[in-house]
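From first to last, the protein sequence lines are chains A and B. Take the first sequence: its position 72, counting from 1, is numbered 72 in the working numbering, and each next residue is one higher. Take the second sequence: its position 157, counting from 1, is numbered 1157 in the working numbering, and each next residue is one higher.
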Amino acid sequence: MTDAVGIVIVSHSKDIAKGTADMVRQMVGSEVKVAFCGGNPDGGLGTSVSLIVDAINDAWSAKGVAILVDLGGAETNSEMAVEMLEPARRDLVVVCNAPIVEGAVMAATEAAGGSSLAQVKAVAEELSAD
Amino acid sequence: MSLQPETFKSLVKVAAERVIASAPELTSLDQAIGDGDHGFNMKRGFEAVLGKLDAISEQPFDEALKTIGKTLVMTVGGASGPLYGSFFLAAGEALSHDKHLPEDIADVFGSGVSAVSARGRSHAGEKTMLDVLVPVLETLKNAAGQPDLIARVSTTAAEAVERTAPMRATKGRASFLGPRSVGHIDPGARSSCVLVQAVCASLEGKQ
């Protein structure tokens, strides 16, 4: 399990984040660590840097963590969360430019095969290549 | 002349209180061209700052600005959290490296503006908070040392926020609206103006 890149799903909605994680687990199984978060610090729609930091740490793998996001604030907050990590971990976390549901499934599928973080990110981002 | 701790404390307090008071206006502006959460988010963030005001005012200025930045990052919840958070974190970082207030205000403010620009991958002219912050920085540079610097900064912020109305958004949620973003003041520019004018008012009250 620690041989696979971890996946973090960050949506403005906790329901979307959880539903995406459920789909990933059903399609890819439990070989890949998947963590998710959604909602602002009050529990409303939005994203929270501290929840994203927790999710990254939950999905942590020595091979790194790929983050999938929905809208702009989720991306900005995810980038901020990466900078809040301890320095040794920062370079091992990437935010993928990919649609959240399809990207998470594709990234997790690639991760399950033991691919590197760069390969996982590239496969997820093929979805937005056009 | 150097910035006094009690002056710093009162300007942080005034700035936070004015942002909190402007939450309904910010929400209303954001409902027009964004997702309507800017007022709530800023209110939550600056209430958290107010909650730490005593601890913040006991820190050296560089650490105090970083605490404000980190508090905003952790509590605001929208894209404005990392943007404003980065501003204060970078301004605090500049103060940690041989910059002093008030004489280096343009450099310190400029570090914050650069951080916002990098975080948002944006620049002035895209209908964002940078359309207030960048003109304010220009005034801080151009009018440095002038007796009416504070009044000029305040006027600059007020005029700059109005200039965002005819702009078309190309960054952030408002960019989804394309031409329909034209005619509305940018909520992020407005919150930046509120902050800048609050600091100016607080400093003028001390003079």
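Cβ atoms here follow ideal geometry from the backbone N, Cα and C, with glycine treated the same way.
query                                                                                                                   : result
Assigned secondary structure, B/L1130 (DSSP; H/G/I helix, E/B strand, else coil)                                        : helix
Sheet register partners of A/F36 (DSSP bridge)                                                                          : A/I9
At least 3 beta-carbon pairs within less than 8 Å: the stretch 1018-1032 of chain B vs the stretch 1187-1194 of chain B : yes
Closer than 7 Å at the beta carbon, the chain A residues around B/M1074                                                 : V49 and S50
Spatial distance of B/V1049 from A/I9 (CA atoms)                                                                        : 29 Å
Given B/V1108 as reference, the closest of B/K1141, B/R1121, B/Q1059 and B/K1127 once Cα atoms are compared             : B/K1141
Distance, B/D1186 Cα to A/M106 Cα                                                                                       : 37 Å
Close-in-space but distant-in-sequence residues of the same chain around B/I1150 (CB under 7 Å, 5 per side omitted)     : C1200, L1203 and E1204
DSSP state of A/A66 mapped onto helix, strand, coil                                                                     : strand
Proximal chain B residues relative to A/G46, where beta-carbon distance stays under 8 Å                                 : D1037, N1041, G1077 and G1078
Cβ neighbours of A/A55 in the same chain (closer than 6 Å, five flanking residues each side left out)                   : V8, A35 and C37
C-beta neighbour in chain A for B/P1024, strict 8 Å                                                                     : no
CA-to-CA distance, A/E110 to B/P1082, given in whole angstroms                                                          : 31 Å
Three-state class that DSSP yields for A/V93 in the structure shown                                                     : strand
B/L1195 to B/T1155 span [Cα, whole Å]                                                                                   : 13 Å
A/A88, buried or exposed, once every other Cβ within 10 Å from all chains shown has been counted against 16             : exposed
C-alpha gap between B/K1043 and B/L1029, whole angstroms                                                                : 15 Å
Cβ-Cβ distance between B/L1095 and B/D1062 below 8 Å                                                                    : yes
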